[in-house]
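Let me begin by presenting the structure, written as structure tokens, before commenting on it.
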């Protein structure tokens, strides 16, 4: 009895160690990252805005920054410049489609409010990406959303209010949320 | 120091070349490659092509404010491998990143048990694979590319379909790295970021990432070149080109598609058949083939035997057959497939033809392992609900895999007949 019990214990220990091995790093290469290190580069912002940093901005503040940093390519009010058009519709009058191919660059086309923040923050202005402060980015997004008729001029955007904005074209995509594979009966490209 | 200096010199040369090409209406007048100025008759730089071996149309580049594109000279291609120096490139940044591999890190974080940072050296210690795959920009063959320059002749194959290339890619399977980090329950997507100025980012389904995606550091037996993402890129077999993020530095495991700006804006397509709504992703590139010789812009020298040759590929797997028509689609005959015939790779086909000196329309049509057949332009537009002929030339800038007709005139000149 005692013998079989110790055998059972031995088997249990062996099983646990094999299981432990399976859960650990198979090659033990790469350096673990601390939470602080991750915070320093984790700037990709998803639809829920979980990664948004502290800061705030309004359309009025954004108008000043836009004139200084963006208008040279995108036009005074986000249209008519050499670079892509950012505005369709107007204050109080959001454009709801249908969107032609060349109209997709307008902020009112984007499905989520976080997309404009994420892209401006990481990739704009094209001559000096990453040089805008979080306050400036919130203000620029507020300015563009105001010009597109999505928010009021007095609305304050920050990490809490921005993700809650309902975009006018949110239901303009099929399917409602991307899936893989898209449809078992059709190839993904159909 | 030396290498830094020569790197800078190379960059300046690159920039000067671009400026010259931009001034020259987007096409190089002389067909020599950028390195050819280094070789006089007395000096041959090891690895440079013969100065007689110029491409017939030059190294194609087209510049726009938000795009820089090099096109593969398909009309001169042989076999299935595209040399790294001729691989197409499209970037949304104004210039190439200059990345020191000693300083470069790849991080894997987000919904993982062990967020990790890898050096290039560490990645090269891990088990690697080498596989031949095509990469195609989803804007390749776009309707707006047809007949944009010369209304009679149209553009040559290089500038219409030259945003597809095929190479042997070597690197670590992404699944190895994800297993090393330990993907958490509930994770379903990942989003990757490049180190270019535009921080190009793209979302990928986790199931695909665990299947056949490579974190590649070599192309055709040498380190990936700067245009292709040096020192590291994703290679997502069969999927639309932008999935294969270049200059790769961050991979974040998440529980929903991130829909970054490029994905939401550039890469979704409003479609009449969906009531004007947009499809988000198309993922795989559809089966497509094109005759590369004879093709638009070339001239058939005389009547008689001429082996027609071209390329076929499909994001859905292996090419099963290619048919060729020399009479504008009235009759089709099966072409020969050259080995190797590999999944998600270019496949070379050939077709024996005797030109009788009369007008002819040449076209190819491929079928992939799933039985999906390359459509005609009319079939393609019917599927998408685009019925208005006038809008067909401007509609739908991406995911065009229609059959490409080339018209041969009596004088032997060949031109684009997609819209005629």
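Residue numbers (the numbering used here), protein chains in the order written: chain F, 126 to 315; chain S, 148 to 567. All residues carry an ideal CB built from backbone N, CA and C; glycine is no exception.
Residue contact with chain F for residue 338/S: present (Cβ-Cβ distance below 8 Å to some residue of chain F). When secondary structure is reduced to three states using DSSP, residue 509/S falls in the strand class. Minimum Cα-Cα distance from residue 349/S among the listed residues 316/S, 507/S, 412/S corresponds to 412/S. Around the beta-carbon of residue 277/F, fewer than 16 other beta-carbon atoms lie within 10 Å, marking it exposed. Beta bridge pairing from DSSP links residue 218/F with 215/F.
Apart from sequence neighbours up to five positions away, the residues of its chain that approach residue 482/S with a beta-carbon distance below 6 Å are 469, 471, 496, 498, ordered along the chain. According to DSSP, residue pairing for residue 340/S in a beta bridge involves 348/S, 397/S.
When Cβ-Cβ separations below 8 Å define contact, residue 169/F makes contact with chain S. Listed along chain F, the residues sitting closer than 7 Å to residue 273/S by beta-carbon distance are 152, 154. Looking at the DSSP output, residue 425/S sits in a beta bridge with 298/F, 417/S. Against chain S, the CB of residue 219/F has no partner CB under 8 Å away; the residue lies outside that interface. The Cβ atoms of residue 239/F and residue 171/F lie closer than 8 Å to each other.
In the same chain as residue 255/F, and ignoring 5 residues on each side of it, the C-beta atoms closer than 7 Å to its own belong to 247, in chain order.
Out of 244/F, 217/F, 212/F, 250/F, the CA that lies nearest to the CA of residue 234/F is found in 212/F. Secondary structure of residue 432/S (DSSP, three-state): coil.
In terms of Cβ geometry, residue 313/S and residue 434/S do not form a close pair [threshold 8 Å]. Residue state for residue 357/S is assigned as coil, using DSSP reduced to three classes.
At least one C-beta of chain F is nearer than 8 Å to the C-beta of residue 427/S.
For the C-beta of residue 491/S, not a single chain F residue is nearer than 8 Å; the gap to the nearest is close to 13 Å.
Closer than 8 Å to the CB of residue 352/S there is at least one CB belonging to chain F. Taking 8 Å as the CB threshold, residue 247/F lines the interface with chain S. By the beta-carbon neighbour count (other beta carbons within 10 angstroms, threshold 16), residue 557/S is exposed. Residue 554/S: member of the beta strand (DSSP E) spanning 553-555, first to last residue.
Taking 7 Å as the cut-off between beta carbons, the residues of the stretch 385-408 of chain S near chain F are 397, 399, 401, 403, 404, 405, 406, 407, 408, in sequence order. Between residue 276/S and the set 358/S, 347/S, 447/S, 234/S, the nearest pair of CA atoms involves 358/S. In the pairwise beta carbon analysis, the stretch 253-265 of chain S is classified as touching the stretch 152-161 of chain F: at least three pairs are separated by under 8 Å. Closer than 9 Å at the C-beta level to chain S, one finds these residues of the stretch 296-307 of chain F: 296, 297, 298, 299, 300, 302, 303, 304, 305, 306, 307. Neighbours of residue 290/F in chain S, taken as residues whose beta carbon is under 9 Å from its own, are absent, since the nearest beta carbon is some 15 Å off.
Here residue 248/S has 267, 378 as same chain residues with Cβ atoms under 7 Å from its own Cβ, once five neighbours each way along the sequence are excluded.
In terms of beta-carbon proximity, residue 200/F stays away from the interface with chain S, with every pair separated by 8 Å or more.
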